[in-house]
Amino acid sequence: MKLKGWKEITPGATVTEPGSSKNFKTGSWRTLKPKFINENCIQCLYCWLFCPDMAVTVENGKMTGFNFEFCKGCGICALECPGKKGNKAIVMEEEGK
Amino acid sequence: MAKVVAVTGNEAVANALRQIDPDVCAAYPITPQTDMMQRFSSFVSDGKVGTEMILVESEHSAMSACIGASAAGGRVVTATCGPGLALMWEMLFVASGLRLPIVMPVVNRSLSAPLNIHGDHSDAMGARDSGWIQLWSENAQEAHDNTIQAFRIAEDMEIRLPVMVCLDGFIISHSIERIEYLEDNEVKNFVGEYKTLNPLLDLEHPVSYGPLILPDYYMEYRRAHAEIMSKVPDVVLDVAKEFEKLSGRKYGLFETYRLDDAEIGIVILNSAAGTSKDVIDEFRDRGIKVGLLKPRLFRPFPYEEIGDSLRHLKALCVLDRADAFGGSYGPLFIDIASSLYSFKKKPVLINKIYGLGGRDYLPEHAELALNELVEIAKTGKVKVIKEYIGVRE
Ligand code: SF4
Ligand code: SF4
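Taken in order, these protein sequences are the chains called A and B.
One point on numbering: in my numbering, the residue at position 42 of the first sequence is 42, and numbering is uninterrupted.
One point on numbering: in my numbering, the residue at position 375 of the second sequence is 375, and numbering is uninterrupted.
Spelled out as C-alpha cells, the structure:
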C-alpha cells in the first residue's frame, strides 16, 4: 500500500471509510496459534462471541475455524471454549510448530 | 443597536455564550471561572438557552465530554482556569489533534503550589503549544468580543481547531466595567448555524474518531496541523473585519499603541496593557517616543507581522506574567525575541517578570521599565536582561 502524504490525510485522523480495518492485516503479531478440534465442538459459539477481533470464522451458523490474517493468538477463545466432556475444541499451539 | 451595560468580565462572556446558545457545555467550577459557568448554568436552568449542560467530576472529564460532544457534531463550549486547565492537559491535545472546534474561555490564574487563585498567565502559557488557537483579551469588552469571534474562527471549514479565549483572573473576570452588548439576533446571525464535519451522529456516513496512528503516519498529521495553524491568521483577520462592521470595534492579530514613530517600546499581554498605555501617554507628554504592542492572537504567533512592527525600535521590554523556570526568559519574551531574530537591525531586548499570583501591576512598574529603556536607548548598555519586578528582596 502506498503511504499518503500529509496533504492527502483526513482532518484529525478521522476514519471515514466504514469497515476499513479489514484492509489492515494484523495477524503477524501472533506467537501462539489456536487450533480447532472439530470433534470436541458443541457449536456454542462462545469463541466467536469472546474473540476481541473478528477472527473466528462462522459459516451457516457453525464455527469453522480461524482467520489468521487477523487472529492475534491471545488465547481467549481457547480459555472460554467449554468443549465436549472436558475436552477443549480449541487449544493453543506455538506458532511455527 | 448596542446596549451599554456595567458588568464583570465573567458576566460579559457568560452573556455572549447565552446569545450563541451552544449545543453542549461540560464544565467544572474553579475560581475565578466559577462565576462565569454558574451564570451560564442559570441560563440553562431558566430555559434561556437550549444547551445540554453536563456536570462532570473534573476538568479532565469536562474536556473529555466536550470532545465526545464535538465529535458527535455539536457546537461545544467549556471554561476553566489555572489548575483546571492543567488537569485538562492530556485532553487538550486530543481536542486539537482530532480538529474539534471547541471554544474555551480561560480565566488566567496561577498554578499551585503555593496555592493561589489570582491572575497569572502560567496556566495558558503552559498550554500554548497544545495545538489550540489562543486569543488574549485586555478587558471585559475584548473577552466578550473574542468569545463571539472564537466560534467563527474555530468552526471555519479550513481551520476546525479549538480556541482558548484568555482573560485575567479577578482583574477582568470580577471587576465591573462599561461594555457594549450586541443584540441577541446580531450575535446569532454573526456566529451562524453550526456546520458539522464528519459527525459521529451522521448514521448514514459512519466514521471513527481517534484511531491509533503509528510512526508511519503520525508525523504527517503533525505536519498537517502545522499547515492549518499557518492559515489561522487570515481567518482571524477576516472574522475581525466582519465583526467590526457589526460592532464598530476593530481587532487585528495584535494591537499597537503609539508604536509607529516610537523609539522604545513595551510588549505586554492582557489587562496590564491598559495600565501601560496610561504611562506611555505620560512619557509621550514629556516628549519621549514610547509605544506598546499587545498580542491578541498568541497561538499561532504571528512572528512576521510582530517582528516587522517592532524591528525599528532601539530598545524593547517584554513583560511576562509567567516565568519559564530554568528555561531562560519568560514565554512572551522568547516568542518576541524569535520574531526579531531574523532582522539584522533590531531593538535591544530586556525581560521583566511581573504580577505573578495576582501581584498588582502598578504604573510605577511600567515607569521603571520605560526609564530603563530610555537609558538603554541612550547608552546601548544592558544591566541585566531578565529580572523580577515588584518583588521584595
Ligand atoms: S486467539 Fe484470540 S484473536 Fe485468535 S481467534 Fe482466539 S480469541 Fe480470536
Ligand atoms: S467455544 Fe469451543 S465448543 Fe463453542 S463453538 Fe467455539 S470451538 Fe466450538
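Beta carbons are placed, not taken as given, at the ideal position from N, Cα and C, and that holds for glycine.
- Contact check for residue 111 (chain B) and residue 82 (chain B): beta-carbon distance about 6 Å, within the 8 Å limit, so the pair qualifies.
- Non-local beta-carbon contacts of residue 99 (chain B) in its own chain, meaning distances under 7 Å to residues more than five positions away in sequence, involve 160 and 161 in chain order.
- Boundaries cannot be given for residue 41 (chain A), as no alpha helix (DSSP H) includes it and DSSP labels it neither H nor E.
- The shortest CA-to-CA distance from residue 70 (chain B) to any of B:385, B:200 and B:304 is the one to B:200.
- The alpha-carbon separation between residue 93 (chain A) and residue 31 (chain A) amounts to approximately 9 Å.
- According to the DSSP assignment, residue 3 (chain B) belongs to the beta strand (DSSP E) that extends over 3-8.
- The beta-carbon distance between residue 51 (chain A) and residue 77 (chain A), rounded to whole angstroms, is 5 Å. This is short enough to meet the 8 Å contact definition.
- At a C-beta separation below 9 Å, residue 9 (chain A) has these neighbours in chain B: 217, 220, 221 and 224.
- Within the region 147-222 of chain B, the complete beta strand (DSSP E) segments of 3 residues or longer fall at 163-168 and 176-181, listed in chain order.
- In this structure, residue 270 (chain B) and residue 168 (chain B) form a Cβ contact; the two beta carbons are roughly 5 Å apart against a cut-off of 8 Å.
- In the displayed model, residue 284 (chain B) falls within a helix according to three-state DSSP.
- Of all residues in the region 146-164 of chain B, only 160 place a beta-carbon less than 7 Å from a beta-carbon of chain A.
- When DSSP reads this structure, residue 135 (chain B) sits in a beta bridge with B:165 and B:297.
- Residues 70 and 72 of the same chain have their beta carbon placed closer than 7 Å to that of residue 26 (chain A), with the five preceding and five following residues left out of the count.
- For residue 74 (chain B), the secondary structure class from DSSP, reduced to helix, strand or coil, is coil.
- If you look at residue 80 (chain A), you'll find it in the alpha helix (DSSP H) that goes 76-80.
- Under the DSSP assignment, residue 320 (chain B) falls outside any alpha helix (DSSP H), being part of the beta strand (DSSP E) whose first and last residues are 315-320.
- Residue 76 (chain B) sits close to residue 24 (chain B), with the two beta carbons spaced by under 7 Å.
- The residue among B:367, B:321, B:315 and B:327 with its C-alpha nearest the C-alpha of residue 349 (chain B) is B:315.
- Put simply, the region 11-19 of chain A touches the region 85-105 of chain B. At least three CB pairs are less than 8 Å apart.
- Taking a 10 Å sphere around the C-beta of residue 20 (chain A), we find fewer than 16 other C-beta atoms and assign the residue as exposed.
- Closest in C-alpha terms to residue 109 (chain B), from the list B:170, B:52, B:137 and B:49, comes B:170.
- Contact of residue 18 (chain A) with chain B by beta-carbon distance below 9 Å involves 205, 206, 207 and 208.
- Within the chosen limit of 6 Å, ligand 1 does not reach the beta carbon of residue 106 (chain B) with any heavy atom.
- Short note on residue 148 (chain B): C-beta not closer than 6 Å to any heavy atom of ligand 2.
- Within the region 92-104 of chain B, contact with chain A at the beta-carbon level (separation under 8 Å) is assigned to 97, 98, 99 and 100.
- Not one beta carbon of chain B lies nearer than 7 Å to the beta carbon of residue 26 (chain A).
- B:64 is the residue among B:230, B:64, B:185 and B:281 whose C-alpha sits nearest the C-alpha of residue 88 (chain B).
- DSSP, reduced to helix, strand and coil, places residue 53 (chain B) within a strand of the structure shown.
- Taking one beta carbon from each stretch, the region 189-199 of chain B and the region 260-270 of chain B have fewer than 3 pairs nearer than 8 Å; the two do not touch.
- In terms of beta-carbon proximity, residue 211 (chain B) lines the interface with chain A, with at least one pair separated by less than 7 Å.
- With a cutoff of 7 Å on beta-carbon distance, residue 120 (chain B) and residue 357 (chain B) are scored as near each other.
- Interface with chain B (7 Å Cβ-Cβ cutoff): residue 13 (chain A) is included.
- DSSP places residue 252 (chain B) in the coil class of the three-state scheme, outside both helix and strand.
- Looking at the DSSP output, residue 27 (chain B) bridges to B:55.
- Ligand 1 never approaches residue 82 (chain A) closely enough for any of its heavy atoms to be under 6 Å from the residue's Cβ.
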